[in-house]
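Notes follow once the structure below has been shown.
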């Protein structure tokens, strides 16, 4: 889609155009969580949960327009906890899946998860920066909620696992880590980092 086609689409609610909003879908997705010992005996290779984080900043549960740091995607604290627990940084992550029922909060979450500062965000996503296969951080490689199906973000978890296994239809070459970020703009936030076993 070109910039012109995007801007020519009808408004849903400013600042969101038609292509900023995901359609509702019926569908299902599943993952199996087990021990590493049991995973060794499964038909498909296991993928490790390297780290996970869930939570709010201080006063993060206060009503939206009373928040100290409004606007926020509710992922600053989650990002700090996740990277500390994982022992890696955003620069180590080659692919990510961001829950995006609307496009705007994803941009805030990219910055809040530490991939860039808010001031660097425009440059970070410009010129294919988040596109597969050659972006600096390909996101939503299976299409995400907007392009694949709105299964409340669970498809993004499945795609994050596929990326580490090496069997995504839009595989990021050599991806040993893959991030799944839940519901930006909803409190509390959460994220999980998957990696090779």
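In the numbering used here, the protein residues as written are 18 to 214.
Note that CB positions come from ideal geometry on N, CA and C, so glycine has one too.
Values in this document were obtained by computation on a predicted structure and should not be read as measured data.
Practice item. Could you check which residue in 31, 110, 92 and 63 has the C-alpha nearest to that of residue 126? Key: 92
* residue 122, buried or exposed, once every other Cβ within 10 Å from all chains shown has been counted against 16 -> buried
Is residue 96 helix, strand or coil when you go by DSSP? helix
Within 10 angstroms of its Cβ, does residue 218 collect 16 or more other Cβ (buried), or is it exposed? The chain is shown from 18 up to 214; residue 218 falls before or after that span and cannot be answered.
inquiry  = Within a Cβ cutoff of 8 Å, which residues of the same chain sit near residue 82, ignoring the five residues on either side of it in sequence?
reply    = Caution is warranted here: a pLDDT of 47 is assigned to residue 82, below 50, making its placement in the model unreliable, and no coordinate value can be reported.
Exercise. Please confirm if the segment 27 to 44 is in contact with the segment 156 to 170, defined as three or more CB-CB distances below 8 Å between the two stretches.
Key: yes
With 16 other Cβ atoms within 10 Å as the buried cut-off, status of residue 114 | Under this definition residue 114 is a buried residue.
* Please classify residue 189: does DSSP put it in a helix, a strand, or coil? => Three-state DSSP puts residue 189 in coil, outside helix and strand.
In the DSSP assignment, find the alpha helix (DSSP H) that holds residue 171 and state where it starts and stops. That run of the alpha helix (DSSP H) goes 171 to 182.
| message | According to DSSP, is residue 101 part of a helix, a strand, or is it coil? | response | helix
Checklist entry - Considering residue 196, what are the terminal residues of the beta strand (DSSP E) in which it resides? => result 194 to 198
| request: Spatial neighbours of residue 208 within its chain, please: CB distance less than 6 Å, with the 5 preceding and 5 following residues excluded, ordered by chain position. | output: 70, 95, 99 and 198
**Study point:** Heavy atom of the ligand SAM within 7 Å of residue 112 beta-carbon
**Key:** Among the ligands in the structure shown, none appear at all, so the ligand SAM cannot be discussed.
With three or more beta-carbon pairs closer than 8 Å as the criterion, would you say the segment 102 to 114 touches the segment 151 to 165?
yes
Where residue 195 and residue 61 are concerned, what is the direct C-alpha to C-alpha distance, given to the nearest angstrom?
Each residue's Cα considered, the two are about 17 Å apart.
Give every residue of the same chain whose Cβ lies closer than 6 Å to the Cβ of residue 149, excluding the five residues on either side of it in the sequence, and list them in chain order.
-> 155, 158 and 187
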